[in-house]
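The structure appears right after this line, and notes come after that.
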Amino acid sequence: MTDLTRRTAFQLATAAGAGAAATSVIKRKEVTTFVFVTGSNGVASGDAELVLRGHRTVGVSLPGHGPEDQLHLAYQAPQDLAKLAVLPSPMAGVTLDDYVEATVDVVRRVSRYGPVILVGGSLGGSTITKAADAVPHLIDRLVYIGAYCCTKLRSPAEYLETPEGKTSLGAAILPGVVGDPRVLKAIRVNWRTNDRKFLDAAKAAFMAEGTEGEFLALLNSSLPDESLQVSSADARGRKDAWGRVRRVYVRQSLDRVIPPALQDRMIREADEATPGNRFEVFTVKTPHAPTRGAYREITKILDGLAK
453 MTDLTRRTAF QLATAAGAGA AATSVIKRKE VTTFVFVTGS NGVASGDAEL VLRGHRTVGV
513 SLPGHGPEDQ LHLAYQAPQD LAKLAVLPSP MAGVTLDDYV EATVDVVRRV SRYGPVILVG
573 GSLGGSTITK AADAVPHLID RLVYIGAYCC TKLRSPAEYL ETPEGKTSLG AAILPGVVGD
633 PRVLKAIRVN WRTNDRKFLD AAKAAFMAEG TEGEFLALLN SSLPDESLQV SSADARGRKD
693 AWGRVRRVYV RQSLDRVIPP ALQDRMIREA DEATPGNRFE VFTVKTPHAP TRGAYREITK
753 ILDGLAK
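Numbering of the sequence shown is given in my numbering, commencing with residue 453 and proceeding in unit increments.
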């Protein structure tokens with residue numbers, strides 16, 4: 453073989469190898485994306501442990517829920533409660549439809565890369581239900597983590613009026629409300645108060661089993677303002693849309709905000725509405741705001757759903 457022939461063969465082999473490498477780069481491996489919708493006063497966040505296990509996670513930035521929109525000097529120490537009580541709220545007029553629109557936008561974008569598991573906690577359950585109504589074909593599973601799932605009754609507010617809901621300790625936040633919700637058109641809670649009575653009541657409601665450090669971390673990561681309209685909005689899913697998406701419920705057995713009896717009622721009513729597509733139910737021993745240890749159990753459940 454001449455030097456020219458050797459050189460030509462080498463160049464052809466190299467080009468073929470490069471082409472194969474390019475093809476392997478272009479071929480994108482499908483991965484599951486977990487899309488998280490926060491509950492009241494929460495910020496967009498994913499789950500680092502799920503990423504370490506090979507999945508993608510993204511939190512939905514709900515309208516008005518940006519810390520940069522809600523945090524003011526009046527909320528810092530020393531606090532100016534008089535000013536805090538009258539500052540305009542970025543949550544004024546924000547509706548469940550607005551939350552759903554933001555969520556559907558994220559679902560559409562990530563669905564190009566593989567299966568989508570849409571996860572909602574607490575009030576976020578309303579959002580994921582209505583998102584499933586909008587794009588059922590883009591969602592592989594819905595996961596409710598101690599969350600509202602409305603079927604027979606129209607809204608979370610109505611479910612809290614049931615016998616199962618009346619044992620909720622969610623009203624513990626009321627002494628922390630700052631300003632007039634009717635004027636602000638939003639509910640503003642001073643999570644950074646040092647009022648011991650309020651803090652003890654809030655901890656008992658949201659994270660009685662957590663350490664003081666875990667509880668204070670929860671408060672300091674919570675936004676002061678929440679929509680006045682979302683909890684009373686019609687959050688029922690349609691049987692021909694939401695009703696055909698596979699769904700999972702993670703029961704929080706120590707929950708004192710959405711009590712287990714209320715969670716069970718919502719699971720039962722949803723199953724009755726779509727008997728051919730019943731909830732897959734898991735139970736985790738955790739309060740409404742999961743402790744670090746309890747959340748590890750929830751992560752294991754989520755990881756298992758993607759396999």
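Glycine residues also receive a C-beta, built at the ideal position from the N, C-alpha and C atoms.
Here the structure is a predicted model, which means the values were calculated and not measured.
- Which word fits S673, buried or exposed, when buried means at least 16 other C-beta atoms lie within 10 angstroms of its C-beta? exposed
- Query: Are there three or more Cβ pairs, one per stretch, closer than 8 Å when the stretch 501-512 is compared with the stretch 529-536?
  - Reply: no
- For A584 and P739, the rounded distance between their alpha carbons: 27 Å
- When DSSP labels each residue in this structure, what does Q522 get in the three-state scheme? helix
- Query: Quick check: the stretch 590-601 against the stretch 557-570, are there 3 or more CB pairs under 8 Å?
  - Reply: yes
- Query: By a C-beta neighbour count over all protein chains shown, 10 Å radius and 16 as the cutoff for buried, is L636 buried or exposed?
  - Reply: buried
- Message: For L548 and E613, I'd like the C-alpha separation in whole angstroms.
- Response: 20 Å
- Message: Can you give me the C-alpha to C-alpha distance between A529 and V697, rounded to a whole angstrom?
- Response: 47 Å
- For A544, three-class secondary structure by DSSP: coil
- Under 8 Å Cβ to Cβ from A554, same chain only, skipping five residues before and after it: list those, please. V512, S513, L514 and P515
- Can you find a C-beta in chain B that's less than 7 Å from the C-beta of E721? Given the protein chain composition of this structure (a single chain), no chain B is represented.
- DSSP state of S476, grouped into three classes? With a pLDDT of only 39 at S476, under the threshold of 50, the placement of this residue in the model should not be trusted; the figure read from the coordinates follows. Note: S476 maps to helix in three-state DSSP.
- Pick helix, strand or coil for L612, following the three-state DSSP scheme. coil
- Message: Does V495 come out as helix, strand or coil in the three-state DSSP assignment?
- Response: coil
- Taking only runs that begin and end inside the stretch 559-620, name each unbroken beta strand (DSSP E) of 3 or more residues, in chain order. 568-573 and 593-597
- Query: Which full runs of the beta strand (DSSP E) of 3+ residues lie inside the stretch 676-756, going along the chain?
  - Reply: 677-679, 698-704 and 732-736
- Message: Beta-carbon within less than 7 Å of G545's beta-carbon, same chain only, minus the 5 sequence neighbours each way: which residues are those?
- Response: K637
- Message: With DSSP as the reference, identify every bridge partner of A638, one or two as the case may be.
- Response: S679
- Query: For the 8 Å Cβ check, are there 3 or more pairs between the stretch 729-738 and the stretch 638-657?
  - Reply: no
- Message: Based on DSSP bridge pairs, tell me the residues matched to T509.
- Response: F486
- Task: Just tell me which of A609, V487 and A653 has its CA closest to the CA of L768.
- Result: Outside the modelled stretch of the chain, which goes from 453 to 759, sits residue 768, for which no answer is possible.
- Query: CB-CB under 8 Å to P727, same chain, minus the five flanking residues each way: which ones, in chain order?
  - Reply: none
- Query: E520: which of R508, V495 and L670 sits nearest, CA to CA?
  - Reply: V495
- Message: If I follow the unbroken alpha helix (DSSP H) through D652, where does it start and stop?
- Response: R648 to F658
- Which residue from R699, P712 and M659 puts its Cα closest to that of G745? M659
- Given D707 as reference, the closest of V558, A654, D557 and G566 once Cα atoms are compared: A654
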